[in-house]
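Asks:
Number of protein chains: 2
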Amino acid sequence: MDMYGMCGKLVSQPGQRDKFIGILLSAARVVGQLPGCRLYVVNKDLADEVSIWVMEIWDDKNAHDVSLKNEQVRSLIAEAMPLMAGAPEGASLSVVGGHGI
Amino acid sequence: MDMYGMCGKLVSQPGQRDKFIGILLSAARVVGQLPGCRLYVVNKDLADEVSIWVMEIWDDKNAHDVSLKNEQVRSLIAEAMPLMAGAPEGASLSVVGGHGI
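Sequence lines, in order, name chains C and S.
According to the working numbering, the first sequence is numbered sequentially starting from 1.
According to the working numbering, the second sequence is numbered sequentially starting from 1001.
Written out as structure tokens, the structure reads:
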């Protein structure tokens, strides 16, 4: 089975991006220890002051889905929710290959 | 300086995604040998039959820009152009951190 990937775009409330990113970096530390997490990278969009992109690669979709049930992950999601301006967007992906994974 | 990232979405002409992906995997082999390329991953969008996402992480924006002047990369871009249905979309990013890089 191909690996599972996500490119997700999150938009923060004005002035809240750095705080939001701090929570996502905490999430990265948690999910990085979970089975099947190969990549979880947090990025600022250079085009504005509110957008954040997260790149994720997992062994498979199940490993990703299981991570969302982790207590620490759920707590961090709850902490981040009030900082979000709208629903997350993004794509669910089948990882074909490339360099660096 | 933060690392430089890109999340790019490319849409292929109908029926041409696999051929397009083959070219991008060739590009990954080339850029993976260039200075500063940390990640270049090619993905199929699970939502349709034509969309492709490329995740890139470079030491800095200059390393990425230099890669576009590489002869092999330019040749592969020229090969891919007729397979594209419209201009690429995506985001230029400042990589903050996370797991797996």
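Glycine included, every Cβ here is placed at the ideal spot set by N, Cα and C.
Values in this document were obtained by computation on a predicted structure and should not be read as measured data.
Could you tell me how far apart the beta carbons of M1003 of chain S and I1077 of chain S are, in whole angstroms, since I believe they sit closer than 8 Å?
Replies: In the second sequence, the residue the question calls residue 1003 of chain S occupies position 3. In the second sequence, the residue the question calls residue 1077 of chain S occupies position 77. In fact, because the Cβ distance is near 23 Å, the residues do not count as touching under 8 Å.
Asks: Determine the DSSP secondary structure at E49 of chain C, reduced to helix, strand or coil.
Replies: Counting from 1 along the first sequence, the entry for residue 49 of chain C is found at position 49. Reduced to three states, the DSSP call for E49 of chain C is coil.
Asks: With contact counted as at least three CB pairs below 8 Å, one residue from each stretch, are the region 1012-1030 of chain S and the region 71-87 of chain C in contact?
Replies: no
Asks: Under a three-way DSSP split, which group does N70 of chain C fall into?
Replies: Position 70 of the first sequence, counted from the start, is the residue given in the question as residue 70 of chain C. In this structure, N70 of chain C counts as coil in the three-state DSSP scheme.
Asks: Does the Cβ of L1068 of chain S have 16 or more other Cβ atoms within 10 Å, making it buried, or fewer, making it exposed?
Replies: Locating residue 1068 of chain S in the second sequence gives position 68, counting from the first residue. With fewer than 16 Cβ atoms within 10 Å of its Cβ, L1068 of chain S is classed as exposed.
Asks: Using CA atoms only, rank isn't needed, just tell me which of C:V96, C:A47 and C:V30 is closest to D59 of chain C.
Replies: What you label residue 59 of chain C is simply residue 59 of the first sequence in a count that begins at 1. Comparing Cα-Cα distances from D59 of chain C to each of C:V96, C:A47 and C:V30, the minimum goes to C:V96.
Asks: Bridge partners for I57 of chain C per DSSP, in chain order?
Replies: The residue labelled residue 57 of chain C in the question sits at position 57 within the first sequence. The partner list for I57 of chain C (beta bridge, DSSP) reads C:G5 and C:L39.
Asks: Taking the beta strand (DSSP E) that A1091 of chain S belongs to, which residues open and close that run?
Replies: One-based indexing of the second sequence puts residue 1091 of chain S at position 91. In the DSSP assignment, A1091 of chain S falls within the beta strand (DSSP E) that extends over E1089 to H1099.
Asks: If you reduce the DSSP assignment to three classes, tell me which class L34 of chain C lands in.
Replies: In the first sequence, residue 34 of chain C corresponds to position 34, counting from 1. In this structure, L34 of chain C counts as coil in the three-state DSSP scheme.
Asks: Leaving aside the five residues before and after G1086 of chain S along the sequence, list all residues of the same chain whose C-beta is less than 7 Å from its C-beta, in chain order.
Replies: Counting from one through the second sequence, the residue named residue 1086 of chain S turns up at place 86. Here the set comprises V1011.
Asks: Among all the DSSP beta bridges, which residues are the ones paired with K44 of chain C?
Replies: Within the first sequence, numbered from 1, the residue matching residue 44 of chain C stands at position 44. In the DSSP output, where bridge partners are listed per residue, K44 of chain C has C:I52 and S:S1094.
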